[in-house]
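Colleague:
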Amino acid sequence: MLLRLLRTICLEMLLTAANKALASLLNPTNTALLLATSVQINTSFAATTLLSSSSITLLASKLLLSSSSSED
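Just so you know, we're using the numbering used here here: the sequence shown kicks off at 2 and counts up by one.
#1: Count the C-beta pairs between the region 6 to 14 and the region 42 to 58 that are closer than 8 Å, then say yes if the count reaches three, no if not.
#2: Which value, in whole angstroms, describes the spacing of the CA atoms of L84 and A33?
#3: Hey, how far is the Cα of N20 from the Cα of R5?
Here you go:
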């Protein structure tokens with residue numbers, strides 16, 4: 002799961018860099034479209050990160066509960 006998160010981070014960084022490079026080559030209308038795409042990618046990345054963090058927290062909680070149950 003952590004490896005998938007790291008891959009997502011790398012992909013997001015590459016896409017953002019590519020968008021910025023293309024934006025410098027294109028006219029203002031296309032630059033605005035690329036900026037909107039970049040915002041959408043960043044929002045999607047934030048949601049994915051939040052879901053991954055929630056999954057990790059849930060897994061940790063289950064492990065703690067199972068270890069405390071086995072101690073009883």
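We put the CB at the ideal spot given by N, CA and C, even for glycine. Just so you know, these numbers come straight off a predicted model, no measurement behind them.
Modeller: The answer reads as follows:
#1: yes
#2: In this structure the chain extends from 2 to 73, so residue 84 is not present and cannot be described.
#3: 22 Å
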